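Residue numbers in the sequence shown follow this note's numbering, run continuously in steps of one, and reach 145 at the last position.
Take a look at the structure below.
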Amino acid sequence: MGINLSIKDVPEEQVEILRERAKRNHRSLQGELRALIDEVTTPSRKKPPDEIVNRLQKLTITRADEATKWIREDRDR
69 MGINLSIKDV PEEQVEILRE RAKRNHRSLQ GELRALIDEV TTPSRKKPPD
119 EIVNRLQKLT ITRADEATKW IREDRDR
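Structure, rendered in structure tokens:
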């Protein structure tokens, strides 16, 4: 069973940023907060740089912005 957490006195500007982020990710605010906690507490989700370089070398990239898009998509998984 999990533990319930509560954060008090969060500035409205930060809450709005979190709400917008949650909407972009098709999540509730609660779901977005959980995803952020998972992201920072699960180090195994990050790929080593050499693995990313190897994957990029196997791709046929025709434009620089394609590489940037793929890197961001991989990072955001």
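Where a beta carbon is used, it is the ideal one built from N, C-alpha and C, also for glycine.
All values reported here derive from a predicted model rather than from experimental measurement.
In chain order, what residues of the same chain have a beta carbon less than 8 angstroms from the beta carbon of residue i, not counting five sequence neighbours either side?
{"i": "Arg123", "result": "Asp142"}
Find the nearest neighbour of residue i within the set the options, judged by alpha-carbon distance.
{"i": "Gln98", "options": "Arg87, Val108, Glu107, Arg92", "result": "Arg87"}
{"i": "Leu101", "options": "Asn72, Glu134, Ala135", "result": "Asn72"}
{"i": "Arg145", "options": "Ala135, Met69, Ile75, Asn93", "result": "Asn93"}
{"i": "Pro116", "options": "Ile139, Ile105, Leu127", "result": "Ile139"}
Assuming residue i is part of the alpha helix (DSSP H), what are its boundary residues?
{"i": "Leu97", "result": "97-109"}
{"i": "Lys91", "result": "80-92"}
{"i": "Lys126", "result": "117-126"}
Under 7 angstroms Cβ to Cβ from residue i, same chain only, skipping five residues before and after it: list those, please.
{"i": "Asp118", "result": "none"}
{"i": "Val83", "result": "none"}
{"i": "Ala90", "result": "Ser96, Leu97, Gly99, Glu100"}
{"i": "Thr136", "result": "none"}
{"i": "Pro79", "result": "none"}
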